[in-house]
Each structure stands twice: as structure tokens, then as C-alpha cells.
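In my numbering, the protein residues as written are 309 to 423. What follows is a set of notes on a single structure, which appears directly below.
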């Protein structure tokens, strides 16, 4: 899995969420205590937390095999979280086909491109 996958999917989701933090929605920019604001903050926090795992990707190559497996599992789990969120906007013009793929599918594609 490439760090750029996480950067692209996070940017896509953030571009969908950022306009929702607007006073026109009645949620006081998402920082009030109404249910809409709470939901927006929870969703944004989930995206940021799932995206943070990208920092593990560069450590994978030098990690011991047991740690590498844990990194792989963590990356796959967090990718699935982001993928599930992004697919809510599957009909959006900026939605990329890669957002539909599982982490292991992206790994196979990345390896084939390098070969």
C-alpha cells in the first residue's frame, strides 16, 4: 500500500466534509452541541484517525516480520474505514476507482506497475 492512496482518499473525504462545517447548515460550523455538529466532528475525527496510519507504511520495510504483519493488518483496517466513508460519495465526479478496492488489491496493482 502506498502512502499516496491514504493521502488521496483523505483529501477526497475532507473535500466532502469541509463544506458541511458551514453556518448555512445550521450546525454552527460543526462546533456546536447539536446532533449534526456532533456527527460531523465524529466523522471528521474518524477520517483523521484512520488516515494517521499512513505513517506506519514507511516503517514496514525495516520492521521485523511479526511487526510487519501487525502493520499490514492496521493499514488494511484503516483503509477499509476510509474506503467505507468515501464510498458514500461513489457517484461524485472526483471519486476515484481505487477507493473501491481493498488494500490487498491495491498492493497487487502497485507491485504490477513496478514490475
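Yeah, the Cβ is synthetic: ideal placement off N, Cα and C, and Gly gets one too. Quick caveat: nothing in here was measured; it's all calculated off a predicted structure.
Cutoff 8 Å: residue i Cβ touching any chain D Cβ
i	result
residue 403	This model lacks chain D altogether, as it is built from one protein chain only.
Rounded separation between residue i and residue j - CA only
i	j	result
residue 379	residue 371	9 Å
residue 352	residue 363	18 Å
residue 401	residue 394	12 Å
residue 390	residue 333	24 Å
residue 347	residue 316	23 Å
residue 313	residue 355	14 Å
residue 374	residue 399	39 Å
First and last residue of the uninterrupted alpha helix (DSSP H) at residue i
i	result
residue 404	Note, residue 404: premise wrong, no alpha helix (DSSP H); not H, not E.
residue 386	373–394
residue 322	311–325
Beta-carbon proximity list for residue i, same chain, < 8 Å, skipping 5 on both sides
i	result
residue 382	361, 364
residue 311	362, 365, 366
residue 349	338, 339
residue 415	309
Per-residue DSSP class, three states only, for residue i
i	result
residue 360	coil
residue 399	coil
residue 370	coil
residue 340	coil
residue 335	coil
residue 415	helix
Neighbourhood of residue i by C-beta, 7 Å cutoff - its chain only, sequence neighbours within 5 removed
i	result
residue 386	358, 361
**Message:** Check whether the region 404–413 and the region 316–328 are in contact - that is, three or more C-beta pairs closer than 8 Å.
**Reply:** yes
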